[in-house]
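J.:
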Amino acid sequence: MAVFLDCAAAISQADGRQVELKFKRCPTGKWIYCNYPELLPASALGDSGLSNKYLDRVFISGAAQLFASYVNGTGDDIFFGILLGNPGNAPARAVRQNSGHRHSGAYPDWCDVECGVWRDFYADGSEEVFIVPPGGSVWIFEGPAPTNKYFNTVIDFWTDLLLECFVYIYKSRAAVDGTATCFPWTPGNKQYRGEGDTYTIETTLGLHASRMPYQYYTCRCPGSKDEMTPIYDPCADAWRCCRCPDRNIGNWGMQYLFYIVVANDTATAKVIRAYMGSDGGTPGANMVVRYEGMVKWCCCNRKEWWNWLVDYIPPGQSRVYKYQFIHAANSTAPILHSWRLG
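In this text, residue positions in the sequence shown follow my numbering: the first is 1, and each later residue adds one.
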């Protein structure tokens with residue numbers, strides 16, 4: 001039986017048979033991406049008596065997932081909130097499901113915020129129902145964002161009618177009155193906001209023990225086929241994609257589903273080990289893996305790799321490893337994955 005290992009950074013060689021991945025975009029729902037501006041100034045506050053801005057605005061009908069990654073640079077303790085508005089003439093139903101929210105200062109390490117928020121998200125079994133009246137609005141989430149702290153948020157929800165999802169930071173929820181305009185985009189900026197057509201991509205890969213080691217990249221632009229998610233910014237009326245002028249430089253928060261089939265095509269038993277980390281030419285790697293219902297993470301520096309799985313395969317047998325992988329944010333570089341003999 002495969003063993004899911006805790007984070008333990010070690011030096012490893014970035015060598016092996018290079019594999020090009022092909023991803024399939026899964027119809028899981030709309031992705032609401034919130035990472036701009038990454039360092040939030042006071043001019044981004046949503047209070048009507050202050051800056052009167054919202055950070056993002058996306059139309060939602062059906063399933064959606066919101067991913068947010070920011071640093072509170074406003075100079076004050078504030079809140080991060082999600083508001084659903086109903087432009088229709090009939091009451092709408094919205095259901096918030098899994099949610100996670102963490103900020104630095106409450107956890108021992110920055111890595112525990114950006115990665116640990118995913119453990120909270122998957123562990124959350126709560127469900128809350130909201131009725132959004134026609135022409136009205138309802139807050140479906142609010143989380144603290146202390147001054148000079150970094151915070152991450154992940155929220156799953158769905159709606160039965162078309163609604164507008166607004167993302168705000170504010171000092172007082174009562175001061176958000178619906179008259180805000182979008183915080184303007186600065187051309188050339190490398191953080192993003194807007195929407196994607198899905199928050200889940202998947203790939204299947206067959207490996208052979210006789211040909212190990214193998215390696216492949218994620219979160220590299222240009223990278224694997226259909227990996228990098230185009231993000232449409234409604235405020236700037238522009239796309240952030242792999243070949244766009246302000247290109248998507250990282251699939252941060254995207255959920256990768258991997259189906260890895262390892263065949264021991266040799267005459268002897270083999271120990272198989274899976275690694276992920278930095279290839280040495282990048283500043284580091286912040287990684288989350290969900291495997292067999294457990295969530296673990298690791299943040300590695302240059303040339304450090306996390307040996308996250310080990311297994312023993314008898315001759316002539318195969319193993320299937322189904323797992324979820326997420327690039328944590330803030331600021332993770334392209335990640336190199338490697339499968340090799342133990």
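Heads up, the beta-carbon is just placed ideally off N, CA and C, and yes, glycines get one too.
State the start and end residues of the unbroken alpha helix (DSSP H) segment that holds residue 298.
T.: Indexing the sequence shown from 1 puts residue 298 at position 298. First-last for residue 298: 294-300, but that is the beta strand (DSSP E), not the alpha helix (DSSP H).
J.: What three-state label does DSSP hand residue 165 in the structure shown?
T.: Residue numbering aside, residue 165 sits at position 165 when the sequence shown is read from its first letter. The answer is strand: DSSP assigns residue 165 an E or B state.
J.: Who are the Cβ neighbours of residue 315 in its own chain at under 7 Å, not counting the five residues just before and after it?
T.: Counting from 1 along the sequence shown, the entry for residue 315 is found at position 315. Same-chain partners within the cutoff: 264, 266, 267, 268, 269.
J.: Following the continuous beta strand (DSSP E) through residue 304, name the residue where it begins and the one where it ends.
T.: Here the question's residue 304 lines up with position 304 in the sequence shown. From DSSP, the beta strand (DSSP E) with residue 304 extends over 304-313.
J.: At which residues does the alpha helix (DSSP H) containing residue 122 begin and terminate?
T.: Within the sequence shown, residue 122 is the residue found at index 122, counting from 1. Start and end: 116-123.
J.: List in chain order: all unbroken beta strand (DSSP E) runs of 3+ residues lying wholly within the region 7-67.
T.: You should have 9-11, 30-34.
J.: Quick check for students: name the residue ranges of the beta strand (DSSP E) that lie wholly in the region 84-150, counting only runs of 3 or more.
T.: Runs found: 92-103, 128-132, 137-145.
J.: DSSP on residue 210, reduced to helix/strand/coil?
T.: The residue given as residue 210 occupies position 210 in the sequence shown. It is helical.
J.: Please confirm whether residue 10 and residue 300 have their CB atoms less than 7 Å apart.
T.: The sequence position of residue 10 within the sequence shown is 10, counting from 1. The sequence position of residue 300 within the sequence shown is 300, counting from 1. Against a cut-off of 7 Å, the Cβ pair of residue 300 and residue 10 comes out as no contact.
J.: Please confirm whether any heavy atom of the ligand PLP lies closer than 6 Å to the CB of residue 200.
T.: No copy of the ligand PLP appears in this structure; indeed no ligand is present at all.
J.: I'd like to check one pair, residue 326 with residue 118: are the Cβ atoms closer than 7 Å?
T.: Within the sequence shown, numbered from 1, the residue matching residue 118 stands at position 118. Within the sequence shown, numbered from 1, the residue matching residue 326 stands at position 326. In contact: residue 118 and residue 326 (Cβ atoms closer than 7 Å).
J.: For residue 3, is the classification buried or exposed, using 16 other Cβ atoms within 10 angstroms of its Cβ as the cut-off for buried?
T.: Position 3 of the sequence shown, counted from the start, is the residue given in the question as residue 3. It is exposed - the Cβ of residue 3 has fewer than 16 other Cβ atoms within 10 Å.
J.: Drop a sphere of 10 angstroms on the beta-carbon of residue 186, count the other beta-carbons inside from all chains shown, and report buried for 16 or more, exposed for fewer.
T.: Along the sequence shown, one-based indexing puts residue 186 at 186. Exposed, because fewer than 16 other Cβ atoms sit within 10 Å of the Cβ of residue 186.
J.: Does residue 173 come out as helix, strand or coil in the three-state DSSP assignment?
T.: Counting from one through the sequence shown, the residue named residue 173 turns up at place 173. Three-state result, residue 173: helix.
J.: Rounded C-beta distance between residue 253 and residue 67? I'm assuming under 8 Å.
T.: Looking up residue 253 in the sequence shown gives position 253. Looking up residue 67 in the sequence shown gives position 67. The pair is a contact, with the Cβ atoms about 4 Å apart (cut-off 8 Å).
J.: Which same chain residues end up closer than 8 Å to residue 57 when comparing Cβ atoms and leaving out the 5 residues on each side of it in sequence?
T.: For this step, residue 57 is matched to residue 57 along the sequence shown. Answer for residue 57: 164, 165, 166, 167, 182, 234, 235, listed in chain order.
J.: Name the DSSP beta bridge partners of residue 276, please?
T.: Along the sequence shown, read from residue 1 onward, the residue named residue 276 stands at position 276. According to DSSP, which records beta bridges pairwise, residue 276 is partnered with 306, 337.
J.: Under the rule that 16 or more other beta-carbon atoms within 10 Å means buried, what is residue 129, buried or exposed?
T.: As a first step, residue 129 must be located in the sequence shown, where it is residue number 129. So residue 129 counts as exposed.
J.: Hey, quick one: how far does the beta strand (DSSP E) through residue 232 stretch, first residue to last?
T.: Position 232 of the sequence shown, counting from 1, holds the residue named residue 232. Per DSSP, residue 232 belongs to the beta strand (DSSP E) from 231-233.
J.: Just to check my reading of the structure: residue 196 and residue 31 have Cβ atoms closer than 8 Å, yes? What is that Cβ distance to the nearest angstrom?
T.: In the sequence shown, the residue the question calls residue 196 occupies position 196. In the sequence shown, the residue the question calls residue 31 occupies position 31. Confirmed, Cβ separation roughly 4 Å.
J.: Where does residue 243 land, buried or exposed, given buried means 16+ other C-beta within 10 angstroms?
T.: One-based indexing of the sequence shown puts residue 243 at position 243. Burial call: exposed.
J.: Thinking C-beta only, is residue 192 closer than 7 Å to residue 36?
T.: Within the sequence shown, the letter at position 36 stands for residue 36. Within the sequence shown, the letter at position 192 stands for residue 192. The answer is yes: Cβ separation under 7 Å.
J.: By how many angstroms is the C-alpha of residue 97 removed from the C-alpha of residue 155?
T.: Position 155 of the sequence shown holds residue 155. Position 97 of the sequence shown holds residue 97. Their backbone Cα atoms lie some 7 Å apart in a straight line.
J.: Per DSSP, what kind of secondary structure is residue 205 in: helix, strand or coil?
T.: As a working mapping, residue 205 is identified with position 205 in the sequence shown. Strand.
J.: Could you check the C-alpha separation between residue 324 and residue 294 for me, to the nearest Å?
T.: Looking up residue 324 in the sequence shown gives position 324. Looking up residue 294 in the sequence shown gives position 294. The alpha-carbon atoms of residue 324 and residue 294 are separated by roughly 10 Å.
J.: Which residue comes first and which comes last in the beta strand (DSSP E) that contains residue 227?
T.: Numbered from its first residue, the sequence shown carries residue 227 at position 227. Premise fails: residue 227 is in no beta strand (DSSP E) and is neither H nor E.
J.: From the beta carbon of residue 33, is the nearest beta carbon of chain C less than 7 Å away?
T.: Of the chains in the structure shown, none is chain C; there is only one protein chain.
J.: Does residue 287 come out as helix, strand or coil in the three-state DSSP assignment?
T.: Here residue 287 refers to the residue found at position 287 of the sequence shown. It is a strand residue.
J.: Whose CA, out of 273, 40, 302, lies closest to the CA of residue 73?
T.: Residue numbering aside, residue 73 sits at position 73 when the sequence shown is read from its first letter. Of the listed residues, the one whose Cα sits closest to residue 73 is 40.
J.: Out of 45, 221, 136, 190, which has the shortest C-alpha to C-alpha gap to residue 76?
T.: Stepping through the sequence shown from its first residue, residue 76 is reached at position 76. Comparing Cα positions, the closest option is 45.
J.: What are the partner residues of residue 155, as DSSP defines its beta bridges?
T.: Position 155 of the sequence shown holds residue 155. Answer by DSSP bridge pairing, in chain order: 66, 99.
J.: Under three-state DSSP, which class holds residue 257?
T.: Numbered from 1 along the sequence shown, position 257 holds the residue referred to as residue 257. Residue state, collapsed to three classes: strand.
J.: Beta strand (DSSP E) containing residue 324: first to last residue?
T.: Taking the first residue of the sequence shown as position 1, residue 324 is located at position 324. 318-327 is the span of the beta strand (DSSP E), which, as asked, contains residue 324.
J.: Between the C-alpha atoms of residue 84 and residue 178, what's the straight-line distance to the nearest angstrom?
T.: Start at 1 with the first residue of the sequence shown, and residue 84 comes out as number 84. Start at 1 with the first residue of the sequence shown, and residue 178 comes out as number 178. Cα-Cα distance, rounded: 11 Å.
J.: By Cβ distance below 7 Å, which residues in the same chain neighbour residue 221 in space, the five residues on each side in sequence not counted?
T.: On the sequence shown, position 221 is the one that residue 221 refers to. If we look at residue 221 and ignore the five residues flanking it on each side, its Cβ neighbours are 228, 242, 247, 248, 249.
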